[in-house]
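Student: Mind having a look at this structure? Questions to follow.
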Amino acid sequence: MKKGCGVLLLVFVLGFLVSCNNNVGSGCPNGEVIEWVDALMINDVKYQHHFPDSTDEQSLLSIEKGEELGKVTFMMNEHACSDHKMENGDAAYLPKGTSIYEVKGYPSTFIVVADDKVYVVDENKKAKTAGELYPLDGLAKHIHIESTEDGSRLHTFSDKSKEQFIQAWYRIGLDDPYGLHLTGKFEGERVFLEIELNNGVSFRQLYWMDSNTFHNGAIGDDEIKKVIVSELEKMEEN
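Structure follows, in structure tokens:
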């Protein structure tokens, strides 16, 4: 993301897919040029690819394709403006005709694979709880605390804390992220949590301590906060 777009790293928090505009380009208002989040939509679920793509990271992944879910029917990059509303078959950067597959062993509403890249769910309006949006039970290998400066791993939850977190995760409900943003829930001390799945795929959850809120709209309970605070204290002791 270019300098000047840093604030818009929170765009995915709000579920929007617009980014920085420059005064060059054609076909869109003001000649805007869009830097899209790497996203796709299939079967009414929006997904994002937002974890490292380095050779080292990819070599650790163990991905087995399942059934084909559909194909990309529209590439938004260079073909859509910032007011574009995603529809099934849309993808930010994948060419038209790219196949989208299930990942064996994982719900297709959680992760999919296309063009050898794994996309993690970002929005599923049918999900009513955090556990329905991100079904972690039996699928999460580790939970890490990351640096808020460079995203590096600083600490790994104990197995006991991981299980306590996941159990609580299935209890907590989801609210509208945009509404939470407007009411100041995404302010204050921030924690970067990395969820590492059994197949090596990982994705980040932003958590705000003051409001006990996650960027996907999940509202934590006392147990969730207790586990996170406990692991932060362990990290500081080391």
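Per the numbering used here, the very first residue in the sequence shown carries number 2; after that it's consecutive.
Every residue, glycine too, gets a C-beta built ideally from N, C-alpha and C.
1) Can you tell me whether M236 is buried or exposed? The criterion is at least 16 other CB atoms within 10 Å of its CB, across all chains shown.
2) Using the three-state DSSP reduction, which class does I101 fall into: helix, strand or coil?
3) Looking at the unbroken alpha helix (DSSP H) that takes in M236, where does it start and where does it end?
4) Count the other CB atoms, across all protein chains shown, that sit within 10 Å of the CB of T214; report buried if there are 16 or more and exposed otherwise.
5) Pairs of beta-carbons, one from the stretch 32–51 and one from the stretch 115–126, closer than 8 Å: are there three or more?
6) Between the alpha carbons of I43 and M77, how many angstroms are there, rounded?
7) Around the C-beta of K97, are 16 or more other C-beta atoms found within 10 angstroms, so that it is buried, or is it exposed?
8) Within 10 angstroms of the Cβ of L183, are there 16 or more other Cβ atoms? Answer buried if so, exposed if not.
9) To which residues of the same chain is I225 closer than 8 Å at the C-beta, ignoring the five residues directly before and after it?
10) Could you tell me how far apart the beta carbons of E195 and E232 are, in whole angstroms, since I believe they sit closer than 8 Å?
11) Are L134 and N217 closer than 8 Å when you measure CB to CB?
12) Please report the straight-line C-alpha distance between I35 and A92, rounded to a whole angstrom.
13) Pull the bridge partners of V192 from the DSSP assignment, please.
14) Is the beta carbon of E103 less than 8 Å from the beta carbon of H145?
15) Using the Cβ count rule (16 or more neighbours within 10 Å means buried), how would you classify G185?
16) Exposed or buried, which one is Y107 when buried takes at least 16 other CB atoms within 10 Å?
17) Taking the beta strand (DSSP E) that I167 falls in, what are its first and last residues?
18) Hey, out of P136, D177, D123 and D176, whose CA is closest to E164's CA?
19) Quick one: what does DSSP say T56 is sitting in, helix, strand or coil?
20) Can you name the residues that DSSP bridges to H50?
21) Output the residue ranges of the alpha helix (DSSP H) runs that lie fully inside the stretch 61–89 and measure 4 residues or longer, sorted by chain position.
22) Whole angstroms is fine: what's the gap from E234's alpha carbon to G90's?
23) Determine the DSSP secondary structure at E133, reduced to helix, strand or coil.
24) Among the residues of its own chain, which have a CB less than 7 Å from the CB of L95, if the five just before and after it don't count?
Tutor: Quick answer:
1) Classification for M236: exposed.
2) I101 falls in the strand class under three-state DSSP.
3) D223 to E238 is the extent of the alpha helix (DSSP H) around M236.
4) Around the CB of T214, 16 or more other CB atoms lie within 10 Å, so the residue is classed as buried.
5) They touch, by the three-pair rule.
6) If you take the alpha carbons of I43 and M77, they lie about 14 Å apart.
7) Exposed, by the Cβ-count rule.
8) So L183 ends up on the exposed side.
9) Cβ within range, chain order: F166, A169, W170, I173 and N213.
10) Not confirmed; about 12 Å, so no contact.
11) One thing to note: L134 has its Cβ within 8 Å of the Cβ of N217.
12) Across the structure, I35 and A92 are spaced so that their CA atoms are roughly 14 Å apart.
13) Residue pairing by DSSP places V192 opposite Y208 in a beta bridge.
14) In this structure, E103 lies away from H145, with their beta-carbon atoms at least 8 Å apart.
15) Of the other Cβ atoms in all chains shown, fewer than 16 fall within 10 Å of the Cβ of G185; this residue is therefore exposed.
16) Buried: at least 16 other Cβ atoms inside 10 Å.
17) Boundaries for I167: no beta strand (DSSP E) harbours it, while the alpha helix (DSSP H) harbouring it runs D160 to W170, taken from the DSSP string.
18) The residue from P136, D177, D123 and D176 with its alpha-carbon nearest to that of E164 is P136.
19) In this prediction, T56 has a pLDDT of 39, which is less than 50 and means its spatial position is unreliable; what the coordinates show is noted afterwards. T56: helix per DSSP, three-state reduction.
20) Residue pairing by DSSP leaves H50 without any beta bridge partner.
21) Complete alpha helix (DSSP H) runs here, min 4: none at all.
22) Roughly 44 Å separates the two Cα atoms.
23) Secondary structure at E133: helix, using DSSP grouped into helix, strand and coil.
24) Here the set comprises L41, V73, M76, A115 and D116.
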